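Report on the following structure.
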Amino acid sequence: MKILNASDAKREFGEVLINAQHGPVGINRNGKPVAVVISASEYAQLEALKEAHLKQSIEEGIADLQAGKVSDGKSVIDKIRKRVNG
Numbered sequence: 003m004k005i006l007n008a009s010d011a012k013r014e015f016g017e018v019l020i021n022a023q024h025g026p027v028g029i030n031r032n033g034k035p036v037a038v039v040i041s042a043s044e045y046a047q048l049e050a051l052k053e054a055h056l057k058q059s060i061e062e063g064i065a066d067l068q069a070g071k072v073s074d075g076k077s078v079i080d081k082i083r084k085r086v087n088g
């Protein structure tokens, strides 16, 4: 991934957009990563993956409910307390 500091990215924004079509472009400020510029198609792919993961998690949750694999809040908190307190 190509990395630029924020002032270079600002000065060369058109170039950043061109480079983002070929791969992510990282932006650093004060030596620390603050952003990544990606193409619109890559962003759409990421959003589709997030949506698919969310749908799968919801389906798994529904299946657990239907199978009776559920715990009430009090029993979950009690289990956590036991683990924390040894």
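Our numbering applies: residue 3 is where the sequence shown begins, and numbers increase by one.
Note that the Cβ used here is the ideal one computed from N, Cα and C, for glycine as well.
Here the structure is a predicted model, which means the values were calculated and not measured.
If we count the other Cβ atoms within 10 Å of its Cβ and call it buried at 16 or more, is Gln36 buried or exposed?
Here residue 36 corresponds to residue number 34 of the sequence shown, with the count starting at 1. In the sequence as displayed, the identity of residue 36 is Val instead of Gln. Only exposed fits Val36, as fewer than 16 other CB atoms lie within 10 angstroms of its CB.
Residue from Val86, Glu17, Leu6 and Val27 whose Cα sits closest to the Cα of Tyr45
Indexing the sequence shown from 1 puts residue 45 at position 43. Measuring from the Cα of Tyr45, the nearest candidate turns out to be Val27.
Over the uninterrupted alpha helix (DSSP H) stretch that includes Asn32, give me the two end residues.
Looking up residue 32 in the sequence shown gives position 30. Counting along the chain, Asn32 falls outside any alpha helix (DSSP H), and DSSP gives it neither H nor E.
6 Å CB neighbourhood of Ala11 in its chain, flanking five on each side removed
On the sequence shown, residue 11 is found 9 positions in, with the first residue counted as 1. Cβ within range, chain order: Val18 and Ile29.
Since Asn21 and Lys34 are thought to touch, with beta carbons under 8 Å apart, how far apart are those beta carbons, to the nearest angstrom?
Along the sequence shown, read from residue 1 onward, the residue named residue 21 stands at position 19. Along the sequence shown, read from residue 1 onward, the residue named residue 34 stands at position 32. 20 Å between Cβ atoms; not a contact.
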